[in-house]
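Step one of this worksheet: look at the structure below.
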Amino acid sequence: MSDVGALQAVLAAEHATIYGYGVAGAVLRGSDRRYALAALNAHLRLRDRLVLMIRDRHAQPVSAQPAYGLPTPVTDLASARALAEHLEQGGAGTMWDLVAAAAPRSNLRALAIGWLSDSAVRAAHWGARQPLPGQPS
Amino acid sequence: MQLTRRAVITAALVAVAGCHSKSKPSPSKPAVLPDAAALGTAGHLEKVLLAKYDAEIRRTPLHRRGALQVERAIHAAHLAALQGLAPPAAGSVAASGSTASLLRSSASELRRLALDATNGAHAALLASIAASHTAAPQ
Chain A
1 MSDVGALQAV LAAEHATIYG YGVAGAVLRG SDRRYALAAL NAHLRLRDRL
51 VLMIRDRHAQ PVSAQPAYGL PTPVTDLASA RALAEHLEQG GAGTMWDLVA
101 AAAPRSNLRA LAIGWLSDSA VRAAHWGARQ PLPGQPS
Chain B
1001 MQLTRRAVIT AALVAVAGCH SKSKPSPSKP AVLPDAAALG TAGHLEKVLL
1051 AKYDAEIRRT PLHRRGALQV ERAIHAAHLA ALQGLAPPAA GSVAASGSTA
1101 SLLRSSASEL RRLALDATNG AHAALLASIA ASHTAAPQ
């Protein structure tokens, strides 16, 4: 996969994650809601950065879909947390691919390594403690 | 004749060049796995962490060992993934400092190894292990 292709995949996942955090955030309460809001803001910043990085590579960034299908209905705190966990795990998968696609010692690889860690930390907060975050199944 | 500094340096360079030409690998020499040293270093870091968890588990009451055993299993999975590619580097597994500080320092080292890895799949594996260390409960 080219680095632009991998960046587009991360951006597509970010669009879905931002949508999903909107759904989960509406159900979450208290500290979980505050954490979700902070995560949403981090994803919004990452999305904006990815758009610029893709444009810098003379490509058209992928657009967000009007809506996304959810893996399961979000009806309570547990299902909202499960959705947030699912979103972070999905994002980690695209970041794994971006690390692999980026050139050694490049700024892009350094960023991707950091984003993968950020995603793993958020996934762990929601309950997913994985040995190899982002590893293709 | 006076032996000048330039003459000594020139002689040394000739000697090094001679050694270099003799040490050229033969075509039959087995290929070295890219990033073998980095993967070996990462494997050693996991062995150090496993030894740390083993010591911590031994001095923890039975009913409180669950979380530590989960974390130990995660590092065993890291080691298994790395050992499938390259043997861990040799060295002592004794480490001073807390488990948390060891996790932080190893995550930092793993990120550096991932950045430098020549093979993308190796880089992603090292970055993922670094991410796992960063996400560990502290």
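Note that the protein sequences, when read in sequence, are chains A and B.
Residues in the first sequence are numbered from 1 upward in steps of one, following the working numbering.
Residues in the second sequence are numbered from 1001 upward in steps of one, following the working numbering.
For every residue, glycine included, the Cβ atom is placed at its ideal position computed from N, Cα and C.
Quiz item: If we count Cβ pairs, one from each stretch, closer than 8 Å, do we get three or more for the region 12–20 of chain A versus the region 37–50 of chain A?
Solution: Because the criterion of three Cβ pairs below 8 Å is met, the region 12–20 of chain A and the region 37–50 of chain A touch.
Exercise. Please work out which residues of its chain come closer than 7 Å, Cβ to Cβ, to Glu85(A), disregarding the five sequence neighbours upstream and downstream, and give them in chain order.
Key: Taking the first residue of the first sequence as position 1, residue 85(A) is located at position 85. For Glu85(A), where only same-chain residues beyond five positions count, the Cβ hits under 7 Å are Ala123, Trp126, Gly127 and Ala128.
Practice problem: Whole angstroms is fine: what's the gap from Leu1085(B)'s alpha carbon to Ala1121(B)'s? | Solution: Indexing the second sequence from 1 puts residue 1085(B) at position 85. Indexing the second sequence from 1 puts residue 1121(B) at position 121. For Leu1085(B) and Ala1121(B), the distance between alpha carbons rounds to 11 Å.
Quiz item: So Leu83(A) and Met53(A) are in contact, right, with Cβ under 8 Å, and what is the actual spacing, rounded?
Solution: As a working note, residue 83(A) is residue 83 in the first sequence. As a working note, residue 53(A) is residue 53 in the first sequence. The distance from the Cβ of Leu83(A) to that of Met53(A) is about 27 Å, inconsistent with a contact at the 8 Å cut-off.
Quiz item: Alpha carbon to alpha carbon, how far is Ala26(A) from Pro104(A)?
Solution: Within the first sequence, the letter at position 26 stands for residue 26(A). Within the first sequence, the letter at position 104 stands for residue 104(A). Whole-angstrom Cα-Cα distance: 41 Å.
Exercise. Put Lys1022(B) into one of helix, strand or coil per three-state DSSP.
Key: The sequence position of residue 1022(B) within the second sequence is 22, counting from 1. Confidence at Lys1022(B) is low in this model, with a pLDDT of 42, below 50, so its placement is unreliable and the value that follows should be read with caution. Annotated three-state conformation of Lys1022(B) is helix, per DSSP.
Quiz prompt | Per-residue contacts from Trp126(A) into chain B (C-beta, under 9 Å) | solution = Stepping through the first sequence from its first residue, residue 126(A) is reached at position 126. By Cβ distance, chain B contributes nothing, its closest Cβ being about 11 Å from Trp126(A), past 9 Å.
Quiz item: Ala120(A) versus chain B: which residues are under 7 Å apart at the beta carbon?
Solution: Working through the first sequence from its first residue, we reach residue 120(A) at position 120. Ala1131, Ser1132, Thr1134 and Ala1135, listed in chain order.
Exercise. Can you have a look at Ala39(A) and say buried or exposed, based on whether 16 or more other CB atoms are within 10 angstroms of its CB?
Key: Position 39 of the first sequence, counting from 1, holds the residue named residue 39(A). That one is buried.
Practice problem: Verify whether the separation of the beta carbon atoms of Gly134(A) and Trp96(A) is less than 7 Å. | Solution: As a working mapping, residue 134(A) is identified with position 134 in the first sequence. As a working mapping, residue 96(A) is identified with position 96 in the first sequence. A contact, by the Cβ cut-off of 7 Å.
Practice problem: List the residues of chain A that Ala1226(B) touches, going by C-beta distances under 7 Å, in chain order. | Solution: In the structure as shown, chain B begins at 1001 and stops at 1138. Residue 1226(B) is therefore absent and cannot be evaluated.
Quiz item: What's the C-alpha gap between Ala1139(B) and Gln130(A)?
Solution: Only positions 1001 to 1138 of chain B appear in this structure, which leaves residue 1139(B) out of reach.
Self-check item: Any C-beta of chain B under 7 Å from that of Trp96(A)
Solution: Working through the first sequence from its first residue, we reach residue 96(A) at position 96. Yes, its Cβ sits closer than 7 Å to a Cβ of chain B.
Exercise. Can you give me the Cβ contacts of Thr1060(B) inside the same chain, cut-off strictly under 7 Å, excluding the 5 residues immediately before and after it?
Key: For the purposes of this step, residue 1060(B) is taken as residue 60 along the second sequence, with counting starting at 1. Leu1068, listed in sequence order.
Quiz item: For Asn107(A), which of helix, strand or coil comes out of DSSP?
Solution: The residue labelled residue 107(A) in the question sits at position 107 within the first sequence. Asn107(A) falls in the helix class under three-state DSSP.
Quiz prompt | Proximity to Pro1087(B) [Cα-Cα], best of Thr1041(B), Gln1138(B) and Pro1137(B) | solution = Counting from one through the second sequence, the residue named residue 1087(B) turns up at place 87. For the residues Thr1041(B), Gln1138(B) and Pro1137(B), the minimum Cα distance to Pro1087(B) belongs to Thr1041(B).
Quiz item: Since Ser1106(B) is in the alpha helix (DSSP H), which residue starts that stretch and which ends it?
Solution: Locating residue 1106(B) in the second sequence gives position 106, counting from the first residue. Element bounds for Ser1106(B): Thr1099 to Asp1116.
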